[in-house]
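Chemist:
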Amino acid sequence: MKAGELYLLGKHLMELASQGMRDDADPEVPEIYLVLISVVVEAPGLSISELTARTGFAQSHVSAAVAKLRERGALRTHPDPADRRRTLVTPVDGLIQAVARRQQRDAEQVLTAALTELDPDADAVSERAARLTRAADELYRLLTARALKVGGESALMPLHSLAEEVTGKPKK
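Using the numbering used here, you'd call the opening residue of the sequence shown number 18 and step up by one each time.
1. Can you tell which of Asp136, Leu51, Thr133 has the C-alpha that lies nearest to the C-alpha of serine 35?
2. Which residue wins for smallest C-alpha separation from alanine 164, given the options Leu128, Arg71, Ala146, Arg145?
3. Arginine 71 lies in the alpha helix (DSSP H); which residues open and close that run?
4. Can you give me the start and stop residues for the alpha helix (DSSP H) that valine 127 sits inside?
5. Alpha carbon to alpha carbon, how far is alanine 115 from aspartate 136?
6. Among Val127, Ala20, Gly62, Thr133, which has the Cα closest to the Cα of arginine 93?
7. Mapping the DSSP letters down to three states, classify tyrosine 24 as helix, strand or coil.
8. With DSSP collapsed to three states, give me the class of alanine 34.
9. Nearest to arginine 101 by alpha carbon, out of Met38, Glu134, Ser64?
10. Relative to the C-alpha of leucine 160, which residue among Ala130, Leu86, Gly73 is closest?
11. Starting from the C-beta of serine 80, find all residues in its chain whose C-beta is less than 8 Å away, skip the five residues before and the five after it, and write them out in chain order.
12. Across which residues does DSSP place valine 106 in a beta bridge pair?
13. Can you tell me whether arginine 39 is helix, strand or coil according to DSSP?
14. Quick one: what's aspartate 100 bridged to in DSSP?
15. Could you work out which residue in Leu112, Leu156, Glu88 is closest to leucine 23 when comparing CA atoms only?
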């Protein structure tokens, strides 16, 4: 795979993820809002720079989106008691349940639906989607650890943990 193909793969994956995070009845909102809310609900109390590292969005975009979400009543911000120059971001009550419902949508299901359009063999598609999801999960953890400048995977909380906690359904 060449760098250009990796870039295009990222675009395709972003589109699939966006479809998986939305409901038909959802109002149109920028994707950065959906991503930030998911991350903040999973890991409340992150700083703006930590949100920037986790999401890959520019810090100016993260700051602006957090400000808009705070104005809309979805997030709260407060100074870090250990370093008053840092702003920490937490979700408001009620947001956790809404995000948990969305996070129950497993990436494997999203990939299976996309791959089924190309191959009618349900067993082959299911097996391929499971394999690709495992690889994507590993890549997500490694690249996020790199962005956060932390060693090992143990420092990362998987984004699917919230749905497991709220619903009691373990991830496959």
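In this text, a Cβ means the ideal position worked out from N, Cα and C, and glycines have one as well.
Modeler: Taking the structure as given:
1. Out of Asp136, Leu51, Thr133, the CA that lies nearest to the CA of serine 35 is found in Leu51.
2. Closest option to alanine 164, judged by alpha-carbon separation, among Leu128, Arg71, Ala146, Arg145: Arg71.
3. Where arginine 71 is concerned, the enclosing alpha helix (DSSP H) starts and stops at 65-72.
4. From DSSP, the alpha helix (DSSP H) with valine 127 extends over 124-133.
5. Going by the C-alpha atoms only, they are around 33 Å apart.
6. When only C-alpha atoms are compared, the closest one is Gly62.
7. Helix, per DSSP.
8. Helix, per DSSP.
9. Ranking the options by Cα distance to arginine 101, first place goes to Ser64.
10. Ranking the options by Cα distance to leucine 160, first place goes to Gly73.
11. Hits under 8 Å: Ile65.
12. DSSP output for valine 106 lists Leu63, Thr94 as bridge partner(s).
13. Three-state result, arginine 39: coil.
14. Bridge partners of aspartate 100: Asp97.
15. Comparing Cα positions, the closest option is Leu156.
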